[in-house]
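One line per chain: the protein sequences are A and B, in this order.
Quick note on the working numbering: the first sequence kicks off at 1 and runs consecutively.
Quick note on the working numbering: the second sequence kicks off at 405 and runs consecutively.
Glycine residues also receive a C-beta, built at the ideal position from the N, C-alpha and C atoms.
Since this is a predicted model, take the numbers as computed values, not measurements.
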Amino acid sequence: MNTRLFKLAGVAVVAASLALTGCGSRTEPAASGSAGGATKVAKIGVIAPLSGDLSALGLGIRNSVDLAIRQANESGAIPGWKLELAAEDDEAKPDTGKNAATKLASDDAVVGVVGTLNSSVAQSVIPVLDSAKIVQVSPANTNPTLTKGADFLTAPKRPNANYFRTCTTDAVQGPFAAQYLLGEGVKKVATIHDKKSYGQGLVSEFSKAFTAGGGTIVAAETINPDDKNFSAVISKVQGGAPEAVYYGGEYPQAGPLSKQMKAAGLKVPVMGGDGIFSGEFIKLGGTDGDLATSVGAPVDTLESAKPFLEGYKAAGFAEGYEAYGAYSYDAANAIINALKVSLKDAADAKSAREATITAMASVSFDGATGKVAFDEFGDSVSRVLTVYAVTNGAWAAKKTGELK
Amino acid sequence: MLDLFFQQLINGLSLGALYALIAVGYTVVYGIVQLINFAHGEIFMVGAFGAFATWMLLGQPTDWGVSASLLILLPLMLLGGIVVSVTVALLTERFAYRPLRNAPRLAPLITAIGVSVFLQEFVRLFYGRIPGFPDAKSAIPFPSVAGISGEIVRIGSVTIQMPALFTIVALAISTLFLWFFVNRSKTGRAMVATSQDPDTARLMGINVDKVIVAAFAVGAGLAAIAGVAHGLNYGNIDFRMGFLAGLKAFTAAVLGGIGNINGAVVGGLVLGVVEAMATTFIPGQFGSSAWKDVWAFALLILVLVFRPQGLLGAKVVDRA
């Protein structure tokens, strides 16, 4: 029996070493490519969920960055340099994201990273990239603490100089949703969040603004991201007779939650942040009347977004650009704009990393979502938001405005 | 308040019925081979995907009437799910566990975790490769069955959703079937004999291999029914759904007394009801839904402290 164990162990070792060499060889061609040839190679990384529940959003991010890189290469945006995409899957998990960041940081050709989707993943990714002096631009992180530290309201302090974002934060989204609901005459709301930093942040900012505006929070509940059955929570919330349910979290739970709410007889709208603003939300159970806030103005009505939309269509990606496509496109272009400055006189990609971060602060251009520029914390200067409602089984813009 | 109590009782029972259907699989396999089959959650997941595949093969019917759906579509989906689940379970038994039958206890346990990861990744990567099938990398909407999906029954102010009722009825029928199988059929009695004393059972002419196969098959069949119930209740299925459900069901099996089939049913129902009740009826800060799992596991610890054999476990736990 011992020999059998040894045999098994042997098989495991061989399998593991095969897997390892498999991983190693994947990065090989890129490294040799940057060594030879007239044009030097710089890579822009993507860290986003490319598989799992949130892959619809993640693939939209990857494709949009891919598009920006292709366009920059075609137009020869950075003379003497060729840009490449290095996309890594974070599975929406902080530890996987950290591994992805470490892998990108160890690749000398990587000069910037677009990502992550989840604020909770960003928390573990930013320090890794910061220590490697790689600029990171997120199209989707909305947790205020990432740019302004734990005391973002009273004593904002920027924790990581390498981190920027093109989207607005929960400090803006939550209050915007609250103002919208109050404006619609809704006075009693129940809140539910999924205990992740994104959901928790949204709900706490929403609750503050909603009660300050004269509304009442009739119940504050939570769910587990892995839960499928929300009936107990729904029954409890139902007792307070809310006129709407504000959900802090993402569509894999929000869709089923909306469906189960309506099945249980709680026929009020679910409202959430940009995390539920996805076609998947409706597929998984979101129904007419459900609401979502998303950063910026609706991409398909924006004059500035037309080149992006046409380019995306022409590139023939299999997946849609989803909620963060235009922001990812702008994020990638922000990096490319900074690279124009930092790569100009750089001998190799690695030595340009720090200069890219410095150049980022003064980037300013008209992107797909409007003006792209960053304040002293790395936050986007744009504070435009839109409320969307599910209408006839699809998201439709209801109200666009700027938060005062 | 009383209405809320009954509402949460129904919520808890339907959740618990789902746990119980899965828990039986843990318990029958444990009772016979002392293996905690951590891949059982994935058998449940595979069953749901099997039922979905059956629906795809039927041409994705969406407009069938109530009677056609209940008498033809639902039984076919259940059957499809059961066939897939049982096949996968028997394959894992044959190729992953049987070679390790006489190995130290830890080896099959780790293998079970490996099988679980394998099945998850297999469905994630290959389900979408079947021509015409949707990609399983994220959740897939489960087909609705007329007469069950979205229908509700009202008793007073208590709302019972038909899928929840379906789960509870499925558990009741399955439990009856199990009772007859274990107590009246030859294979069932052979199972009991094997779980009590495998060596003597073998001396009495019982084919132990056959009994083990039967145990895996029975567990997988019930898990497939749970998979369909899950799809009908929550409207979508995904490749990770077996993990947490399996963990909870395993907890239910331990709570009820692992190795004891009735214990698994009772344990599942108790766990579901405690989760639902803890959400509503524990006052103050520790009563919100955030704490429901804490209370469920606190109960498990209490039961194990005072009754290490579980709620319905045998007095003497000889091999656990």
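Just reading off the alpha helix (DSSP H) that residue i is part of, what are its end residues?
i        : result
Ala359/A : 353-360
Ser599/B : 590-600
Ala682/B : 665-685
Phe410/B : 406-437
Gly115/A : First-last for Gly115/A: 110-115, but that is the beta strand (DSSP E), not the alpha helix (DSSP H).
Gln565/B : Unbroken run through Gln565/B is the beta strand (DSSP E), 562-565; no alpha helix (DSSP H).
Asp345/A : Per DSSP, Asp345/A belongs to no alpha helix (DSSP H) and is neither H nor E.
Output, in chain order, the set of chain B residues within a Cβ distance shorter than 9 Å of residue i.
i        : result
Leu202/A : Chain B residues near Leu202/A: none, gap ~16 Å exceeds 9 Å.
Ile223/A : Ser693, Ala694
Alpha carbon to alpha carbon, how far is residue j from residue i? Give it in angstroms, no decimals.
i        : j        : result
Pro547/B : Leu673/B : 26 Å
Val381/A : Val387/A : 19 Å
Arg62/A  : Lys371/A : 22 Å
Ala297/A : Phe277/A : 13 Å
Val433/B : Ala653/B : 13 Å
Thr39/A  : Lys350/A : 15 Å
Phe551/B : Arg558/B : With the sequence shown as reference, residue 551/B is identified as Gly, and Phe is not the correct amino acid for it. So the two alpha carbons sit approximately 15 Å from each other.
Ala56/A  : Asn611/B : 50 Å
Gly518/B : Leu504/B : 14 Å
Phe377/A : Ala507/B : 59 Å
Gly36/A  : Val113/A : Any reading at Gly36/A must be qualified, since the residue scores a pLDDT of 41, below 50, and its modelled position is unreliable; the value itself is stated next. Cα to Cα, the separation comes out at about 24 Å.
Phe350/B : Ala472/B : Residue 350/B cannot be examined here, being either before or after the span of chain B that is shown, 405 to 724.
Leu50/A  : Arg502/B : 36 Å
Ile335/A : Thr356/A : 8 Å
Pro545/B : Leu425/B : 22 Å
Ala594/B : Phe585/B : 11 Å
Ser64/A  : Ala105/A : 22 Å
Ser209/A : Gly429/B : The amino acid at residue 209/A is misidentified as Ser; the sequence shows Ala. Cα to Cα, the separation comes out at about 50 Å.
Ser258/A : Trp395/A : 15 Å
Gln238/A : Phe442/B : 37 Å
Leu659/B : Leu704/B : 6 Å
Leu651/B : Ala668/B : 13 Å
If we define contact as Cβ-Cβ less than 8 Å, is residue i a contact residue for chain A?
i        : result
His634/B : yes
Glu679/B : yes
Arg528/B : yes
Leu648/B : yes
Met608/B : no
Gln689/B : no
Gln600/B : no
For residue i, return the contacting residues in chain A, with the cut-off set at a CB-CB distance below 9 Å.
i        : result
Met460/B : The contacting residues do not exist; Met460/B stays about 16 Å from chain A at best.
Ile662/B : Here the premise fails: no neighbours, minimum Cβ distance about 23 Å.
Asn415/B : Asn229, Ser231, Ala232, Ile234, Ser235, Ala264
Ile556/B : Ala263, Ala264, Gly265
Leu419/B : Asn229, Ser231, Ala232
Gln565/B : Ser231, Gln260, Ala263, Ala264
So with Cβ pairs under 8 Å, would you call residue i a contact of chain B?
i        : result
Ser64/A  : no
Glu280/A : yes
Pro256/A : yes
Cys23/A  : A caution first: Cys23/A carries a pLDDT of 44, below 50, which makes its placement in the model unreliable, though a value can still be read off. No, no contact with chain B.
Val233/A : yes
Lys228/A : yes
Gly252/A : Per the sequence presented here, residue 252/A reads as Pro, with Gly not at that position. Closer than 8 Å: yes.
Ser197/A : no
Ala394/A : no
Ser51/A  : yes
Whose Cβ in chain B lies nearer than 8 Å to the Cβ of residue i?
i        : result
Leu284/A : Ala543, Pro545, Gly639, Asn640
Just the chain B side, please: which residues come within less than 7 Å of residue i by C-beta, in chain order?
i        : result
Ser55/A  : Lys541, Ser542
Lys259/A : Gly639
Ser207/A : Neighbours of Ser207/A on chain B: none; closest Cβ ~14 Å, over 7 Å.
I want to check one thing, is the minimum distance from the CB of residue i to the heavy atoms of the ligand MN below 7 Å?
i        : result
Ala500/B : This structure lacks the ligand MN; in fact it carries no ligand of any kind.
Taking C-beta pairs closer than 7 Å, name the residues in chain A that residue i reaches, listed in chain order.
i        : result
Phe411/B : The residue asked about is misnamed: residue 411/B is Gln in this sequence, not Phe. The contacting residues are Ser235.
Leu408/B : Ser235, Gly239
Thr683/B : Ala232, Val233, Lys236
Tell me the residue span of the beta strand (DSSP E) that contains residue i.
i        : result
Gly45/A  : 40-48
Gln524/B : Careful: Gln524/B lies outside any beta strand (DSSP E), inside the alpha helix (DSSP H) at 510-530.
Anything in chain A within Cβ reach of residue i, meaning under 8 Å, just list it in chain order.
i        : result
Met645/B : Lys228
Self-check item: Segment contact flag, the segment 87-101 of chain A with the segment 362-381 of chain A, C-beta cutoff 8 Å, min 3 pairs
Solution: With a cut-off of 8 Å, the segment 362-381 of chain A and the segment 87-101 of chain A do not count as touching, because too few Cβ pairs lie within range.
Self-check item: Cβ pair count under 8 Å reaching 3, the segment 238-252 of chain A against the segment 278-290 of chain A
Solution: Judged by pairs of C-beta atoms under 8 Å, the segment 238-252 of chain A touches the segment 278-290 of chain A, as three or more such pairs exist.
Exercise. Check whether the segment 484-503 of chain B touches the segment 560-572 of chain B, counting contact only when three or more Cβ pairs, one atom from each stretch, lie closer than 8 Å.
Key: At 8 Å Cβ cutoff, the stretches do not touch.
Quiz item: Can at least three beta-carbon pairs, one atom from the segment 594-609 of chain B and one from the segment 471-479 of chain B, be found at a separation below 8 Å?
Solution: Note that the segment 594-609 of chain B does not touch the segment 471-479 of chain B; fewer than 3 beta-carbon pairs, one per stretch, sit closer than 8 Å.
Quiz item: Looking at C-beta atoms only, is the number of pairs between the segment 516-530 of chain B and the segment 442-449 of chain B that lie closer than 8 Å three or more?
Solution: Cβ pair count under 8 Å is three or more, so yes.
Exercise. Spell out a yes or no on whether the segment 450-467 of chain B and the segment 708-719 of chain B are touching, meaning 3 or more CB-CB pairs, one atom from each, closer than 8 Å.
Key: No, because fewer than three Cβ pairs between the segment 450-467 of chain B and the segment 708-719 of chain B fall closer than 8 Å, the two stretches do not touch.
Quiz item: Would the segment 407-417 of chain B and the segment 194-209 of chain A be scored as touching if the rule is three or more Cβ pairs under 8 Å?
Solution: No, because fewer than three Cβ pairs between the segment 407-417 of chain B and the segment 194-209 of chain A fall closer than 8 Å, the two stretches do not touch.
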